[in-house]
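Protein chains in written order, with numbering that gives the first Met the number 0: chain A, 0 to 432; chain B, 0 to 432. Even glycine gets a Cβ: it sits at the ideal position worked out from N, Cα and C. Being a predicted model, the structure only gives us computed values, none of them experimental.
2 protein chains.
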Amino acid sequence: MESVENSVITTALRAREAAFRMQGIPHKIRNEALLAIARALETAKDKIIAANQLDLEGAQESKLPPSMIKRLRYDDQKIEESINSLNSLVNLEDPVGKTLMMTELDEGLLLEKVTCPIGVICVIFESRPDALVQISSLCIKSSNAVILKGGLEARHTNEILAEVIDRAVLSVDERFNGAVQLLSTREEIKELLKLDNLIDLVIPRGSNELVRFIKESTRIPVLGHAAGVCHTYVDDDADLEMALKVCYDAKVQYPAVCNAMETLLVHEKIAPTFLPKIASLYAKAGVRLKGDERTRRFIEAEIATEKDWSIEYNDLILNIKTVSSLEEAIDHINRYGSHHTDAIITRSREKAERFMDLVDSSSVMWNCSTRFADGYRYGLGAEVGISTNKTHARGPVGLEGLVIYKYRLIGSGQVVADYVGKNAKKFIHRRLV
Amino acid sequence: MESVENSVITTALRAREAAFRMQGIPHKIRNEALLAIARALETAKDKIIAANQLDLEGAQESKLPPSMIKRLRYDDQKIEESINSLNSLVNLEDPVGKTLMMTELDEGLLLEKVTCPIGVICVIFESRPDALVQISSLCIKSSNAVILKGGLEARHTNEILAEVIDRAVLSVDERFNGAVQLLSTREEIKELLKLDNLIDLVIPRGSNELVRFIKESTRIPVLGHAAGVCHTYVDDDADLEMALKVCYDAKVQYPAVCNAMETLLVHEKIAPTFLPKIASLYAKAGVRLKGDERTRRFIEAEIATEKDWSIEYNDLILNIKTVSSLEEAIDHINRYGSHHTDAIITRSREKAERFMDLVDSSSVMWNCSTRFADGYRYGLGAEVGISTNKTHARGPVGLEGLVIYKYRLIGSGQVVADYVGKNAKKFIHRRLV
Numbered sequence: 000m001e002s003v004e005n006s007v008i009t010t011a012l013r014a015r016e017a018a019f020r021m022q023g024i025p026h027k028i029r030n031e032a033l034l035a036i037a038r039a040l041e042t043a044k045d046k047i048i049a050a051n052q053l054d055l056e057g058a059q060e061s062k063l064p065p066s067m068i069k070r071l072r073y074d075d076q077k078i079e080e081s082i083n084s085l086n087s088l089v090n091l092e093d094p095v096g097k098t099l100m101m102t103e104l105d106e107g108l109l110l111e112k113v114t115c116p117i118g119v120i121c122v123i124f125e126s127r128p129d130a131l132v133q134i135s136s137l138c139i140k141s142s143n144a145v146i147l148k149g150g151l152e153a154r155h156t157n158e159i160l161a162e163v164i165d166r167a168v169l170s171v172d173e174r175f176n177g178a179v180q181l182l183s184t185r186e187e188i189k190e191l192l193k194l195d196n197l198i199d200l201v202i203p204r205g206s207n208e209l210v211r212f213i214k215e216s217t218r219i220p221v222l223g224h225a226a227g228v229c230h231t232y233v234d235d236d237a238d239l240e241m242a243l244k245v246c247y248d249a250k251v252q253y254p255a256v257c258n259a260m261e262t263l264l265v266h267e268k269i270a271p272t273f274l275p276k277i278a279s280l281y282a283k284a285g286v287r288l289k290g291d292e293r294t295r296r297f298i299e300a301e302i303a304t305e306k307d308w309s310i311e312y313n314d315l316i317l318n319i320k321t322v323s324s325l326e327e328a329i330d331h332i333n334r335y336g337s338h339h340t341d342a343i344i345t346r347s348r349e350k351a352e353r354f355m356d357l358v359d360s361s362s363v364m365w366n367c368s369t370r371f372a373d374g375y376r377y378g379l380g381a382e383v384g385i386s387t388n389k390t391h392a393r394g395p396v397g398l399e400g401l402v403i404y405k406y407r408l409i410g411s412g413q414v415v416a417d418y419v420g421k422n423a424k425k426f427i428h429r430r431l432v
Numbered sequence: 000m001e002s003v004e005n006s007v008i009t010t011a012l013r014a015r016e017a018a019f020r021m022q023g024i025p026h027k028i029r030n031e032a033l034l035a036i037a038r039a040l041e042t043a044k045d046k047i048i049a050a051n052q053l054d055l056e057g058a059q060e061s062k063l064p065p066s067m068i069k070r071l072r073y074d075d076q077k078i079e080e081s082i083n084s085l086n087s088l089v090n091l092e093d094p095v096g097k098t099l100m101m102t103e104l105d106e107g108l109l110l111e112k113v114t115c116p117i118g119v120i121c122v123i124f125e126s127r128p129d130a131l132v133q134i135s136s137l138c139i140k141s142s143n144a145v146i147l148k149g150g151l152e153a154r155h156t157n158e159i160l161a162e163v164i165d166r167a168v169l170s171v172d173e174r175f176n177g178a179v180q181l182l183s184t185r186e187e188i189k190e191l192l193k194l195d196n197l198i199d200l201v202i203p204r205g206s207n208e209l210v211r212f213i214k215e216s217t218r219i220p221v222l223g224h225a226a227g228v229c230h231t232y233v234d235d236d237a238d239l240e241m242a243l244k245v246c247y248d249a250k251v252q253y254p255a256v257c258n259a260m261e262t263l264l265v266h267e268k269i270a271p272t273f274l275p276k277i278a279s280l281y282a283k284a285g286v287r288l289k290g291d292e293r294t295r296r297f298i299e300a301e302i303a304t305e306k307d308w309s310i311e312y313n314d315l316i317l318n319i320k321t322v323s324s325l326e327e328a329i330d331h332i333n334r335y336g337s338h339h340t341d342a343i344i345t346r347s348r349e350k351a352e353r354f355m356d357l358v359d360s361s362s363v364m365w366n367c368s369t370r371f372a373d374g375y376r377y378g379l380g381a382e383v384g385i386s387t388n389k390t391h392a393r394g395p396v397g398l399e400g401l402v403i404y405k406y407r408l409i410g411s412g413q414v415v416a417d418y419v420g421k422n423a424k425k426f427i428h429r430r431l432v
């Protein structure tokens with residue numbers, strides 16, 4: 000596999016070179032590149048749809064599941080959506096060059112902490128060709144070079160999209176040479192994930208299995224979440240009408256997503272009244288219930304096993320547990336949850352604050368549905384993904400997840416020798432921003 | 000090794016539990032814990048010095064190098080310094096609970112982005128027992144649980160220090176139970192570095208070899224820098240008097256540290272005048288010079304090999320290269336440097352800006368010495384370490400490197416179903432902070 004290894008290193012080095020050059024590309028030109036991609040998608044529409052048709056036919060022949068085929072489709076309407084996204088991305092403020100801090104260390108010695116691109120991002124995604132367009136444009140907006148790897152089932156669509164995007168950005172500025180590159184095989188990704196000296200961040204977009212696999216296969220930082228085991232805790236001080244409405248929404252409104260509730264925790268004091276009511280609502284929606292022993296005293300439910308508490312069903316299935324206290328609820332969530340999104344329903348501000356402090360999750364909520372945890376609803380403008388990491392970026396991640404910062408120290412000939420020993424000059428350390 | 004594995008998992012779980020509880024400990028109590036540590040160090044001074052004496056004797060018997068024995072010494076004066084650091088740490092603002100962003104998503108639906116502890120930090124350090132006190136107190140200040148591993152040569156000192164700290168914090172609040180734990184063997188660290196589900200961040204403090212070894216041994220995020228290959232580029236528009244002063248400081252003032260200059264880049268136009276002058280200054284300081292061919296036309300120097308450009312000497316040895324342009328200097332730095340700290344000397348603002356934009360390093364400097372890159376000089380108040388990572392924290396890292404954030408969404412019964420489909424409610428997304 001010598002040759003795969005070499006070709007992947009060549010790709011990564013090309014991306015690295017592009018990333019170095021891109022640090023100098025101003026926001027105006029990056030925005031022009033986004034508009035050029037939008038125009039190029041419009042122009043190449045027929046070719047893109049024809050390529051997608053090949054993939055769809057292949058998918059039907061290989062008898063891929065209908066849900067996958069649906070995600071694979073990239074038609075007139077979806078291309079239009081991509082173009083609209085590109086146009087609104089142009090209007091977002093520049094994530095690069097923001098001053099996070101400014102300190103006067105001494106007269107004529109000014110320190111600035113300024114956001115800058117991360118460098119080379121590797122994005123691995125499944126099926127959805129619109130993800131390729133979206134993530135490439137987020138990387139261009141933030142001056143990062145990107146190496147893309149899509150699924151085999153979408154290869155014709157991905158190839159033409161990558162080509163269209165590459166040409167469009169190059170037509171705006173030749174410094175984008177190597178900014179967007181596509182890999183096509185699993186072997187290549189395997190090699191790429193070894194290059195922790197050349198790749199700065201990996202973003203997997205797809206199934207939990209994909210994310211888990213990537214996290215286990217590389218030392219490069221990975222931005223993503225491998226599971227969404229979300230909880231709602233209905234406290235004994237809850238407004239029960241509100242609790243019914245919110246718990247229904249968290250499970251039923253769209254169960255296939257990571258921010259849907261998988262386990263409902265109910266305080267024992269209200270369990271006898273609340274559980275029958277919510278169970279009857281869930282029954283009408285076809286939700287299958289699993290409960291612990293105490294819960295099963297009040298409603299009909301299968302018995303929940305120890306294993307069930309950690310499962311992300313992504314389906315109309317729900318675990319219910321009756322707990323004796325707020326503390327038991329918090330312990331359960333921290334132990335069995337995936338640190339994604341968890342909510343409490345209560346009238347007590349004190350208990351809500353305790354819950355939000357002690358639950359170790361990327362989003363903690365009070366009196367609303369876990370389903371709100373996403374970049375669009377949070378108003379982030381663009382969504383890079385949802386992260387359950389404890390470093391760098393957590394929760395719904397916008398463009399800020401694609402930048403880091405550097406320190407800029409601007410002096411007038413200062414040397415450290417003047418600040419040590421006898422008669423040492425003193426630092427002022429006056430914070431300006 | 001079954002039993003080592005189990006005991007390490009027990010330690011990690013205990014730290015995890017402590018981290019969950021510590022999320023709820025207010026700043027006032029964390030500061031009380033720091034003051035309790037300061038008092039306890041004072042009280043236990045004699046016992047600590049006696050333990051340190053044992054380690055020093057052991058070190059002399061094992062014939063450890065004098066520089067290592069010096070770092071190992073933890074005497075009256077050093078204990079006093081630790082106590083002073085603890086007292087000034089109390090005065091720093093709380094790194095936890097800072098509001099980074101606040102957005103009104105809709106009436107009665109408020110989103111806050113708030114800093115919070117990371118969780119469980121593992122710190123691996125060599126020799127210096129003061130590092131144990133410093134890093135434990137930084138973790139307590141930021142509400143993180145810490146697992147410490149010091150060098151075998153300092154084990155008596157480390158054991159008593161960990162015990163003193165553990166007792167001191169427990170006397171303030173029992174929720175600190177498990178907040179500070181000490182491991183003593185290499186086997187334990189090997190096991191601990193596997194636990195990426197229990198440990199959130201590893202901070203190695205010590206030699207480059209240690210940092211490199213840790214980075215290669217774990218999937219847990221590592222905060223650190225494995226090398227400091229720093230450059231100064233003297234542009235043809237430089238004030239040569241300033242350049243002489245700054246380049247002398249960057250190499251000579253304290254060559255043993257990561258922010259000292261290892262390679263000097265000089266523009267060809269000024270090389271004939273500048274190089275002989277700086278070479279004569281370096282000669283007086285005993286600096287050994289290695290140069291590329293062009294450089295050797297102007298001064299005496301050994302020939303620099305391809306390998307030399309990437310070496311961190313940490314000594315009075317310097318590479319010098321004559322370059323034809325700003326771009327060549329930037330390319331050299333991005334290719335051979337360690338992305339730590341690099342400076343340009345020039346009168347041209349335009350060239351300085353280009354250099355600071357395009358050099359991909361955690362600190363970029365204009366007209367001053369690379370030696371300024373450190374947490375104390377930058378006024379960060381406390382230094383966790385210096386990072387060359389491209390995610391989470393970069394450059395000199397203060398307490399902000401020990402926190403992440405969570406989203407808190409505070410509602411009044413909102414459900415997502417009301418915001419989709421026909422007659423959907425619209426989000427306001429009014430940014431308040």
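Using DSSP bridges, identify the partner residues of residue i.
i, result
"Arg-287(B)", "Ile-316(B)"
"Ser-386(A)", "Gly-394(A)"
"Val-145(B)", "Ile-120(B), Val-179(B)"
"Glu-106(A)", "Bridge partners of Glu-106(A): none, in fact."
"Arg-204(B)", "Phe-124(B)"
"Leu-404(B)", "Reading the sequence as shown, one finds Tyr at residue 404(B) and not Leu. Thr-114(B), per the DSSP bridge assignment."
"Ala-342(B)", "Thr-231(B), Met-364(B)"
Please work out which residues of its chain come closer than 6 angstroms, Cβ to Cβ, to residue i, disregarding the five sequence neighbours upstream and downstream, and give them in chain order.
i, result
"Tyr-232(B)", "Leu-264, Ala-328, Ile-343"
"Ala-39(B)", "Val-163, Ala-167"
Out of the options, state which residue places its alpha-carbon closest to the alpha-carbon of residue i.
i, options, result
"Leu-431(B)", "Pro-64(B), Met-100(B), Met-67(B), Ile-47(B)", "Met-100(B)"
"His-266(B)", "Asp-291(B), Gly-285(B), Ser-279(B)", "Asp-291(B)"
"Ser-126(B)", "Glu-186(B), Leu-63(B), Arg-296(B), Ser-141(B)", "Leu-63(B)"
"Ser-142(B)", "Val-113(B), Ala-372(B), Gly-23(B)", "Gly-23(B)"
"Asp-359(A)", "Val-256(B), Ala-17(B), Glu-208(B), Thr-390(B)", "Ala-17(B)"
"Lys-97(B)", "Glu-4(B), Thr-114(B), Gln-76(B)", "Thr-114(B)"
"Ala-284(B)", "Glu-301(B), Gln-252(B), Ala-259(B), Arg-293(B)", "Gln-252(B)"
"Gly-374(A)", "Leu-398(A), Glu-41(A), Ser-135(A), Arg-211(A)", "Leu-398(A)"
"Cys-257(A)", "Lys-306(A), Asp-238(A), Pro-395(A), Ile-319(A)", "Pro-395(A)"
Short of 8 angstroms in beta carbon distance, which residues of its chain neighbour residue i, apart from the five on each side in sequence? Order them along the chain.
i, result
"Thr-217(B)", "Leu-192, Lys-193, Asp-195, Val-201"
"Met-67(A)", "Ala-58, Ser-126, Glu-152"
"Arg-295(A)", "Ile-302"
"Val-245(B)", "Thr-231, Ala-342, Ile-344, Asn-366, Cys-367, Ser-368"
"Phe-124(A)", "Ala-130, Leu-131, Ile-134, Leu-147, Lys-148, Gly-149, Gly-150, Pro-203, Arg-204, Gly-205"
Leaving out five residues on either side along the sequence, give the residues of the same chain with a beta carbon under 7 angstroms from the beta carbon of residue i.
i, result
"Arg-197(A)", "Note on residue identity: the sequence assigns Leu, not Arg, to residue 197(A). Taken in chain order, the residues that qualify are Ala-11, Leu-12, Arg-15, Val-119."
"Phe-297(B)", "Ala-270, Pro-271, Leu-274, Pro-275"
"Arg-29(A)", "Ile-139, Lys-140, Ser-142"
"Met-0(A)", "Because Met-0(A) carries a pLDDT of 49, less than 50, the predicted location of this residue cannot be relied on, and no value is offered for it."
"Asn-86(B)", "Ala-37"
Given this structure, state the Cα-to-Cα distance separating residue i from residue j, to the nearest angstrom.
i, j, result
"Leu-317(A)", "Pro-65(A)", "25 angstroms"
"Gly-336(B)", "Ala-32(B)", "42 angstroms"
"Asp-314(A)", "Ser-368(A)", "17 angstroms"
"Thr-9(A)", "Pro-254(A)", "43 angstroms"
Can you pull the chain A neighbours of residue i, defined as C-beta to C-beta under 8 angstroms?
i, result
"Trp-365(B)", "Arg-407, Leu-408, Ile-409, Gly-410"
Along chain A, which residues have their Cβ under 7 angstroms away from the Cβ of residue i?
i, result
"Ser-142(B)", "By Cβ distance, chain A contributes nothing, its closest Cβ being about 10 angstroms from Ser-142(B), past 7 angstroms."
"Arg-370(B)", "Val-415"
So which residues on chain B does residue i lean against when the C-beta distance must stay under 7 angstroms?
i, result
"Val-22(A)", "The sequence shown places Gln at residue 22(A), rather than the Val named in the question. The contacting residues are Asp-356, Leu-357, Asp-359."
Taking Cβ-Cβ distances shorter than 8 angstroms, what residues in chain B pair up with residue i?
i, result
"Asn-51(A)", "Ordered by position in chain B, no residue passes the 8 angstroms Cβ test against Asn-51(A), which lies about 27 angstroms from the chain."
"Leu-200(A)", "Lys-389, Thr-390"
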